[in-house]
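Quick note on the numbering used here: the sequence shown kicks off at 1384 and runs consecutively.
We put the beta carbon where it would ideally sit given N, CA and C, even for glycine.
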Amino acid sequence: SVAHREAAAFGLGQIANPAAIRALHGFVEDASPSIRALACIGLGRSGEARHLETLVTRFQSDESEYVRASAAWALGFIDSPEVSPHLIRALRSGPLMVRRASAWALGARDDRLGRRELATALFDEDRSLREVAAWALRRAGSGALQPELGMSYHRMPSGHLRLTAYLEDLLR
1384 SVAHREAAAF GLGQIANPAA IRALHGFVED ASPSIRALAC IGLGRSGEAR
1434 HLETLVTRFQ SDESEYVRAS AAWALGFIDS PEVSPHLIRA LRSGPLMVRR
1484 ASAWALGARD DRLGRRELAT ALFDEDRSLR EVAAWALRRA GSGALQPELG
1534 MSYHRMPSGH LRLTAYLEDL LR
């Protein structure tokens, strides 16, 4: 049943030893979006770059927004320079759930390219995305924020002054 497969995918992701991770690969192609999502999360939690291709495929092409967002979140744990460009593209456009997960993942990775895009996301029209971006930048520390905030400030439309006060509160 779906419930049993979900429990198995969740459990394997929690165990995260090599045998469990191998078993998770079988769940990535499951018919159920919740099982595919749990498999992606488990693969990401392993932190192993060898899962990059599997996660990027789910992230870019899965029919379920939920699975794409789970794969984006999981990519935040993969230590590879190839990850950030994928997350940045998703942060710039795509379904909101995937954009928020990409912002979280960029914050977890804490690289310069990611911080620059997160600073730009601070001015997004969606409040929930702004809040995730603020959290992600706060995680990087205030010293890392200054160049990225300055860059975003100059790229914003005329309403940026009103947003700046709001963002200062978020970043405290």
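Close Cβ partners of residue i (< 6 Å) along its chain, the five nearest in sequence each way excluded
i: Gln1397; result: none
i: Val1515; result: Arg1483, Ala1486 and Trp1487
i: Pro1401; result: none
Residue i vs residue j beta-carbon contact at 8 Å
i: Ser1463; j: Ala1432; result: yes
i: Arg1472; j: Leu1512; result: no
i: Ala1392; j: Leu1407; result: yes
From the options, residue whose alpha carbon lies closest to that of residue i
i: Gly1425; options: Asp1509, Val1481 and Ala1403; result: Ala1403
i: Ala1399; options: Pro1416, Leu1474, Leu1435 and Arg1428; result: Arg1428
i: Leu1496; options: Ala1455, Leu1520, Ala1390 and Phe1410; result: Leu1520
i: Ile1418; options: Leu1489, Gly1459 and Leu1395; result: Leu1395
i: Asp1413; options: Phe1460, Val1450, Pro1401 and His1434; result: Val1450
i: Phe1460; options: Trp1518, Arg1499 and Ala1491; result: Ala1491
i: Leu1458; options: Arg1499, Thr1437 and Asp1507; result: Thr1437
Neighbourhood of residue i by C-beta, 8 Å cutoff - its chain only, sequence neighbours within 5 removed
i: Glu1448; result: Pro1478, Met1480 and Val1481
i: Glu1556; result: Given that the chain is displayed from residue 1384 to residue 1555, the structure contains no residue 1556 and the question cannot be resolved.
Inter-residue CB distance, residue i and residue j (contact presumed, cutoff 8 Å)
i: Leu1501; j: Leu1489; result: 6 Å
i: Ala1454; j: Arg1475; result: Actually they are not in contact, since the Cβ atoms of Ala1454 and Arg1475 sit about 17 Å apart, beyond 8 Å.
i: Leu1435; j: Val1466; result: 7 Å
7 Å Cβ shell around residue i - same chain, five flanking residues per side excluded
i: Val1439; result: His1469
i: Asp1509; result: Leu1479
i: Ser1384; result: none
i: Trp1518; result: Gly1490
Runs of alpha helix (DSSP H) wholly within the region 1407–1432 (minimum 4 residues, chain order): 1416–1429
Give the list of continuous alpha helix (DSSP H) stretches no shorter than 4 residues that lie fully inside the region 1432–1458. 1435–1444 and 1448–1458
Quick one: which unbroken alpha helix (DSSP H) runs of 4-plus residues sit fully inside the region 1469–1527? Chain order, please. 1479–1492, 1495–1504 and 1510–1523
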